[in-house]
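Protein chains in written order, with my numbering: chain U, 1 to 227; chain D, 228 to 714.
We treat Cβ as the ideally placed atom computed from N, Cα and C, and that holds for glycine.
Being a predicted model, the structure only gives us computed values, none of them experimental.
Written out as C-alpha cells, the structure is:
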C-alpha cells in the first residue's frame with residue numbers, strides 16, 4: 001500500500017511537471033489552424049516617425065522543416081527592415097514593398113519568436129496600418145493573425161485581432177471638381193477614432209435585408225473552401 | 228396707394244455628375260475607379276426623411292450623371308431663396324445588375340448591402356456640378372468595394388470572352404470576421420445549399436482578389452451547371468497541391484484557374500500579388516510548376532487541383548514552355564465548363580474537349596506539361612509492309628507513313644518518324660521530308676534487311692519493323708518501241 005501511494009505521488013508530480021512544461025510552451029491570443037499557430041504583437045509604445053517593432057511568434061504541433069512565415073502591411077508603403085540582422089533561425093529571408101518573408105524549422109510545440117522592425121511613413125494626417133502575419137506549410141495549411149496601428153503625431157494605438165478599430169465610417173469625402181483647378185475638398189475630413197469602439201457599417205436605407213436560410217438543413221453541407 | 232413690388236424667384240437647373248474612386252489594394256487612390264456601382268442622389272432634409280431625387284449607376288470608368296434637376300428645396304422653410312437650393316449627398320451601393328439575369332452585390336453577414344454615403348453639399352450652385360467621391364484607404368468598409376469590383380471584373384471577363392452570362396454572385400464579408408457564424412470552419416467558401424447561394428470572404432482574404440474570384444468561380448459553375456461539391460468532406464481541407472478526389476481537384480482546379488485569367492497573372496496569390504511574398508507559400512506560380520517538380524513536395528496528376536489549374540492555364544495562355552504549345556484562349560475552356568454535359572472531373576473535361584473539335588495534339592501536350600497524362604501512344608495501323616526492290620534499282624516513296632500510322636490526339640502532320648534501326652545499312656532506307664520511306668540499296672548489293680521505324684506524337688512513341696528484300700533481276704522483257712512516222 002505504501003509503495004502504491006509512493007507511485008501515485010511520483011505520478012502526480014510527473015503530471016504537474018508535464019503540465020508546467022506545456023504551459024511554458026503555450027502562448028495566448030494566437031490564431032491556430034490544424035496545428036499551426038501564429039501571433040503578431042506590436043512592442044509599445046509606438047511613436048510617430050520612429051521604427052515600430054513587431055514580435056511574431058509561431059508554434060506548430062509537429063516539427064516542420066520549412067515553415068513559411070510572412071508579414072504583409074496595408075497600406076503597402078511600409079518598409080520592413082532586413083533581412084540582414086534577422087535571427088539565425090530565419091532562413092531564405094526576403095523583403096518586398098509592404099512585407100517580408102522567411103522560412104523556419106520548427107520543433108513540436110516549441111514557440112519560435114521573430115523580431116522585425118517596420119517603418120511607417122510619418123504623415124501629418126492620421127494613418128491606419130494593418131499588419132498581417134501568416135504561417136503556412138508547403139502543403140498549403142495556412143493561418144493568419146493581424147494587428148492594426150492607428151498612428152497620429154501623438155503616437156500609435158494598437159488594436160489586436162478581435163478588437164475592432166474604433167473608427168466609425170464617416171461620410172465619404174466628395175470633391176467639387178472645378179475645371180482648370182485642383183479639386184477642392186468639400187469638406188475636409190479627418191478620420192477620428194470615436195468611442196465606444198463599435199464599427200457600425202452604414203446600413204442601407206434603400207436595400208431590403210436578405211435574411212439567411214437558417215438553420216441549414218441536414219446533412220450539413222460542406223462547402224468548398226478557399227484554397 | 229403705394230406700388231407693391233412683387234419679385235418672383237425662378238429656381239435654376241442643376242446637373243450633377245461625377246466619378247467614384249477608391250483606394251485599391253495597392254493603396255492607389257488615383258486610378259481605381261468605382262465601376263458599375265449604384266448611385267443614389269439624396270436631398271437632405273434635417274429633421275425629416277431625406278428625399279431620394281434620382282438613381283443611376285456608374286459606368287466602366289466610374290462616371291455617373293443624373294438627369295437635370297430643378298435646384299429648389301421643396302421642403303425648405305428659409306425665406307431667402309438663395310438658401311432654398313438643394314442640399315445634396317450621394318449614396319453609393321455595392322449592388323449592380325450586370326444583365327437581366329445577373330446581379331452582383333456585397334453584403335455584411337446580416338445580409339445588408341454595403342453603402343457609402345458622402346458628405347453633404349449645401350445649397351449647390353446652378354449649372355453643372357462635377358464631383359469626385361473617394362473611398363480612402365483607411366475606410367472601414369473599403370474591403371467591400373474591393374470585393375465588389377472583383378466580382379464585376381470576373382463577370383465581365385467571362386461575358387466579354389465567351390458571350391456566356393455566368394449569372395449572379397452575392398458576396399458576404401465583414402471587417403474583422405474570419406469565421407462565418409455557425410459555420411464549422413474559418414475560411415472563405417461558396418455555399419449553394421438551401422436558401423440563396425453566396426460566397427463568404429474571410430476578412431484575412433479580402434486582400435486577395437484571387438480568393439474572391441476563386442469563390443466566384445465556384446458560384447458561376449454552380450449557376451450554370453447546378454453542381455456543388457458539398458458532400459466531399461475531405462475537399463474542405465484542400466490546398467493547391469494536396470491530393471484530392473478527382474471531383475474535388477476539378478472543382479477547385481477550375482476555381483484556381485479563373486482568377487489567373489481574370490486578374491491577369493499566372494500566380495495564385497493569397498495576398499494582393501501579383502506573385503508577391505514567399506513562392507509556394509504566399510503565392511503559387513502555376514506557370515512555373517511542371518513535370519520538373521519534386522513530386523514528393525508537389526504531387527502529380529488530375530487529383531491535384533494545382534495541376535488541373537495549371538493545365539487549364541497552359542491551354543489558355545500564349546506563353547509556351549516545355550511541352551506546352553497551346554494557345555487556345557479562354558472561350559473553348561469556358562464553353563465546356565458552362566455548357567452541358569456537366570463535367571465532374573478533369574478527365575471528363577478532356578473527353579468534352581476531344582468531342583468539341585478543338586485541336587487535341589497541342590491540348591494534350593499542355594496537359595502533359597502539368598503532370599497529367601491523357602496522351603495515348605501513336606501506333607502503326609496497318610503494320611508497315613515489306614518491300615522488294617530489284618538489284619540496281621531504287622524505290623522513291625516506297626511507303627507512305629501517313630497511310631500506316633495513327634494517333635488518337637494527333638493528325639498525321641503532327642506526327643514524326645525516324646529510322647531507329649537497320650540491320651544492314653546497304654539497304655539504303657531513308658525517310659524524306661514528306662514522310663515517305665525511300666529505298667535506294669547500295670549499287671550491286673543483294674540481300675535483305677530489317678528496318679525499324681519509330682513514330683512519335685512528341686510525348687510517346689511506337690516502333691514497327693518491315694523487311695526490305697533486294698533481289699536480282701531474273702529476266703528482262705524487251706518491248707519494241709513503235710514510233711509514229713512524222714509527216
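Item	Value
On the CB-based measure, 16 or more other CB atoms within 10 Å of its CB, does residue 364 of chain D come out buried or exposed?	buried
Do you know offhand how far residue 174 of chain U's Cα is from residue 275 of chain D's?	23 Å
Output the distance between the C-alpha atoms of residue 191 of chain U and residue 557 of chain D, rounded to the nearest integer angstrom.	Because the pLDDT at residue 191 of chain U is just 39, under 50, the model does not fix this residue reliably, and the value given afterwards should be weighed accordingly. Rounded to whole angstroms, residue 191 of chain U to residue 557 of chain D spans 44 Å at the Cα level.
Please go through the same chain and pick out, in chain order, the residues whose beta-carbon is closer than 8 Å to the beta-carbon of residue 286 of chain D, but skip the five residues on each side of it.	262 and 263
Find the nearest neighbour of residue 647 of chain D within the set D/640, D/657 and D/638, judged by alpha-carbon distance.	D/657
Would residue 374 of chain D pass as an interface residue toward chain U - the criterion being a Cβ-Cβ separation below 9 Å?	no
Taking only beta-carbon positions, decide if residue 106 of chain U is within less than 9 Å of chain D.	no
Whole angstroms are fine: how far does the CA of residue 243 of chain D sit from the CA of residue 153 of chain U?	38 Å
Out of D/352, D/349, D/351 and D/320, which one is the CA nearest neighbour of residue 339 of chain D?	D/320
Could you tell me which chain U residues have their CB closer than 9 Å to the CB of residue 378 of chain D, listed as they occur along the chain?	Near residue 378 of chain D there are no residues of chain U at all, since even the closest Cβ is about 16 Å away, more than 9 Å.
Rounded to the nearest angstrom, what separates residue 376 of chain D and residue 440 of chain D at their Cα positions?	10 Å
Might you give, ordered along the chain, the residues of its own chain that have their beta carbon closer than 6 Å to the beta carbon of residue 659 of chain D, omitting 5 neighbours on each side?	665
Using 8 Å as the cut-off, can you tell me whether the stretch 495-510 of chain D makes contact with the stretch 432-447 of chain D, which would need three or more C-beta pairs spanning the two stretches below that distance?	yes
Sorted by chain position, which residues of the same chain lie with C-beta nearer than 7 Å to residue 34 of chain U's C-beta, five sequence neighbours on each side aside?	141
Are the CB atoms of residue 93 of chain U and residue 504 of chain D nearer to each other than 9 Å?	no
Counting only runs of 4+ residues fully inside the stretch 556-626 of chain D, write out the alpha helix (DSSP H) ranges in chain order.	558-565, 573-583 and 588-596
Using the beta-carbon of each residue, which ones in chain U are nearer than 9 Å to residue 558 of chain D?	Those do not exist, as residue 558 of chain D stays about 25 Å from chain U at its closest Cβ, beyond 9 Å.
Determine the contact status of residue 518 of chain D and residue 596 of chain D, defining contact as a CB-CB distance below 9 Å.	yes
Against chain D, with Cβ distances strictly below 9 Å, would residue 86 of chain U count as a contact?	no
Out of D/451, D/431 and D/588, state which residue places its alpha-carbon closest to the alpha-carbon of residue 683 of chain D.	D/588
Between which two residues does the beta strand (DSSP E) holding residue 417 of chain D run?	416-418
Using a Cβ cut-off of 7 Å, pull out every chain U residue sitting near residue 253 of chain D, in sequence order please.	76
Which value, in whole angstroms, describes the spacing of the CA atoms of residue 448 of chain D and residue 394 of chain D?	9 Å
Looking only at its chain, what residues have a beta carbon closer than 7 Å to the beta carbon of residue 391 of chain D, apart from the 5 residues adjacent to it on each side?	385, 561 and 565
If you run the structure through DSSP and keep just helix, strand and coil, what is residue 376 of chain D?	helix
Using the three-state DSSP reduction, which class does residue 529 of chain D fall into: helix, strand or coil?	coil
If contacts are defined as beta-carbon pairs under 8 Å, then residue 160 of chain U and residue 143 of chain U qualify, I think. What distance do you get, rounded to the angstrom?	Their Cβ separation, rounded to whole angstroms, is 15 Å, which puts residue 160 of chain U and residue 143 of chain U out of contact at 8 Å.
Give me the chain U residues within the contact set of residue 498 of chain D, using Cβ-Cβ distance strictly less than 7 Å, ordered along the chain.	72
Identify whether residue 643 of chain D lies in helix, strand or coil by the three-state DSSP scheme.	strand
Could you tell me the alpha carbon to alpha carbon distance between residue 487 of chain D and residue 465 of chain D, rounded to whole angstroms?	18 Å
Check whether the stretch 79-93 of chain U touches the stretch 114-126 of chain U, taking contact to mean three or more Cβ pairs, one atom from each stretch, closer than 8 Å.	yes
Please list, in chain order, the residues of the stretch 346-361 of chain D that have any C-beta partner in chain C closer than 7 Å.	The structure shown contains no chain C; the protein chains it does contain are U and D.
By a C-beta neighbour count over all protein chains shown, 10 Å radius and 16 as the cutoff for buried, is residue 661 of chain D buried or exposed?	exposed
At 9 Å on the CB atoms, spell out the chain U contacts of residue 529 of chain D, in chain order.	None at all; the shortest Cβ gap to chain U is about 17 Å.
Taking the CB atoms as reference points, tell me whether residue 547 of chain D and residue 616 of chain D lie closer together than 9 Å.	no
Between the alpha carbons of residue 55 of chain U and residue 133 of chain U, how many angstroms are there, rounded?	10 Å
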